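Novice:
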Amino acid sequence: MAAEPDPERTAQPERAREDEEDEGEKSKEEEAQAEAARPGPRALRLHQVYAASLARTLDSLSYENMAPCYPTIARRASPVLRRLQAQMVERLREKCEREFGAILGARDVVRRVNELEALAADAEARRGPHGAAAPPTPPHLLPPGEVLAAHLAPRLAEQRGLLNARLQTTQAQNALLADHVRAQRGEIDALLERLAPAVDDVRSANGVLGPLVGDLAAEARAVDAETGTGTGTGGASG
1 MAAEPDPERT AQPERAREDE EDEGEKSKEE EAQAEAARPG PRALRLHQVY AASLARTLDS
61 LSYENMAPCY PTIARRASPV LRRLQAQMVE RLREKCEREF GAILGARDVV RRVNELEALA
121 ADAEARRGPH GAAAPPTPPH LLPPGEVLAA HLAPRLAEQR GLLNARLQTT QAQNALLADH
181 VRAQRGEIDA LLERLAPAVD DVRSANGVLG PLVGDLAAEA RAVDAETGTG TGTGGASG
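Position one of the sequence shown corresponds to residue 1 (the UniProt record's numbering), numbered consecutively onward.
Given below as structure tokens:
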């Protein structure tokens with residue numbers, strides 16, 4: 001009679017494979033994290049720039065610059081002051097580097113800069129040789145017209161802006177004047193309409209008085225003559 005298989009012995013190889021797979025995944029994650037934390041060219045350049053700036057700043061704290069601030073100690077205990085200055089510079093350097101590293105870690109600067117580096121490399125690769133822009137023409141090889149236009153373009157753009165503003169102002173003023181003229185024309189038309197009946201009345205009166213003008217003129221002359229005669233006779237008798 002054959003022996004039954006032991007379940008525990010059967011499950012052991014499966015657990016071993018699972019453990020190996022887990023360890024493989026963990027190792028891959030650790031490698032990815034280590035690769036992301038490894039500074040790329042831009043991150044290395046950032047460290048170099050910071051180190052150079054810090055070195056220039058700490059160089060200003062030299063013994064020659066510090067001694068005039070403590071003339072008595074520099075004259076009587078120069079070695080002590082030199083050791084103090086060296087210790088101060090070293091502690092400032094360590095503190096600045098420690099704080100800079102803490103800032104880089106808190107902001108995850110290295111990983112983000114590496115991602116930027118990867119994006120730039122990917123964009124450069126996608127652009128390829130066909131998408132590369134042609135190198136610019138040197139200025140001394142450009143035709144005179146393009147050189148003159150490049151020098152005059154900013155000034156002309158500024159003058160064009162000023163002229164456009166003046167043109168808009170003039171157009172607005174012309175619109176206001178046109179509205180004023182139209183209003184005055186409306187008032188004149190209204191006055192003419194009101195004067196038209198009066199003109200008709202005067203014309204009608206002239207038509208009625210036309211035949212009587214001669215008689216009225218004769219009567220007026222006769223009255224003037226009589227008045228003149230009476231005035232002359234009264235003056236003579238007087």
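The beta-carbon is built from N, C-alpha and C at its ideal position, and this holds for glycine as well.
Fair warning: this is a prediction, and the values are worked out from it, not measured in the lab.
(1) With DSSP collapsed to three states, give me the class of aspartate 189.
(2) Rounding to the nearest angstrom, what Cα-Cα distance links glycine 210 and arginine 203 in this structure?
(3) Using a Cβ-Cβ cut-off of 7 Å (strictly less than) and excluding sequence neighbours within five positions of glycine 234, which residues of its own chain qualify?
(4) Lysine 95 to glutamine 85, Cα distance in whole Å?
(5) Which word fits valine 113, buried or exposed, when buried means at least 16 other C-beta atoms lie within 10 angstroms of its C-beta?
(6) Which residue comes first and which comes last in the alpha helix (DSSP H) that contains alanine 55?
(7) Beta-carbon within less than 8 Å of leucine 192's beta-carbon, same chain only, minus the 5 sequence neighbours each way: which residues are those?
(8) Would DSSP call alanine 196 helix, strand or coil?
(9) Rounded to a whole number of angstroms, what is the C-alpha to C-alpha distance between aspartate 201 and alanine 165?
(10) Distance, Cα to Cα, alanine 205 vs aspartate 215?
(11) According to the neighbour-count rule (16 or more other Cβ atoms, all chains shown, within 10 Å of its Cβ), is valine 208 buried or exposed?
(12) May I ask you to report which of helix, strand or coil DSSP gives proline 216?
(13) Using the C-alpha atoms, what's the distance from valine 223 back to alanine 236?
(14) Proline 79 lies in the alpha helix (DSSP H); which residues open and close that run?
(15) For the alpha helix (DSSP H) containing tyrosine 70, list its first residue and its last residue.
(16) Determine the closest residue to glutamate 97 out of Gly145, Ala43, Leu54, Ala220, with distance taken between C-alpha atoms.
Specialist: Working from what's here:
(1) Within the sequence shown, residue 189 is the residue found at index 189, counting from 1. Reduced to three states, the DSSP call for aspartate 189 is helix.
(2) As a working mapping, residue 210 is identified with position 210 in the sequence shown. As a working mapping, residue 203 is identified with position 203 in the sequence shown. Distance between the alpha carbons of glycine 210 and arginine 203 is about 10 Å.
(3) Translated into the one-based positions of the sequence shown, residue 234 becomes position 234. Here glycine 234 scores only 49 on pLDDT, less than 50, and its place in the model should not be relied on; the value that follows carries that caveat. Once the five neighbours on either side are set aside, glycine 234 has no close Cβ partner at all.
(4) Residue 95 sits at position 95 when you count from the first residue of the sequence shown. Residue 85 sits at position 85 when you count from the first residue of the sequence shown. For lysine 95 and glutamine 85, the distance between alpha carbons rounds to 15 Å.
(5) Translated into positions along the sequence shown, residue 113 becomes position 113. Counting Cβ neighbours within 10 Å, valine 113 comes out buried, since at least 16 surround it.
(6) Along the sequence shown, read from residue 1 onward, the residue named residue 55 stands at position 55. Alanine 55 -> alpha helix (DSSP H) spans 41 to 59.
(7) Counted from its first residue, the sequence shown places residue 192 at position 192. There are no such residues.
(8) By 1-based counting over the sequence shown, the position of residue 196 is 196. In the structure shown, alanine 196 sits in a helix (DSSP, three-state: H, G or I).
(9) Sequence index remark: in the sequence shown, residue 201 carries index 201 (1-based). Sequence index remark: in the sequence shown, residue 165 carries index 165 (1-based). Roughly 55 Å separates the two Cα atoms.
(10) Along the sequence shown, read from residue 1 onward, the residue named residue 205 stands at position 205. Along the sequence shown, read from residue 1 onward, the residue named residue 215 stands at position 215. For alanine 205 and aspartate 215, the distance between alpha carbons rounds to 16 Å.
(11) Start at 1 with the first residue of the sequence shown, and residue 208 comes out as number 208. Its Cβ having fewer than 16 others within 10 Å, valine 208 is exposed.
(12) Within the sequence shown, residue 216 is the residue found at index 216, counting from 1. It should be pointed out that residue 216 corresponds to leucine in this sequence rather than to proline. Leucine 216: helix per DSSP, three-state reduction.
(13) Start at 1 with the first residue of the sequence shown, and residue 236 comes out as number 236. Start at 1 with the first residue of the sequence shown, and residue 223 comes out as number 223. Unreliable placement is indicated for alanine 236, whose pLDDT of 44 sits below 50; the coordinate value is still reported in the next sentence. When rounded, the distance between both Cα atoms is 20 Å.
(14) What you label residue 79 is simply residue 79 of the sequence shown in a count that begins at 1. Segment 78 to 107, the alpha helix (DSSP H) holding proline 79.
(15) As a first step, residue 70 is located in the sequence shown; it is residue number 70 there, counting from the start. Element bounds for tyrosine 70: n/a, residue is neither H nor E.
(16) As a position in the sequence shown, residue 97 is number 97, starting the count at 1. Glutamate 97 has its Cα closest to that of Leu54, out of Gly145, Ala43, Leu54, Ala220.
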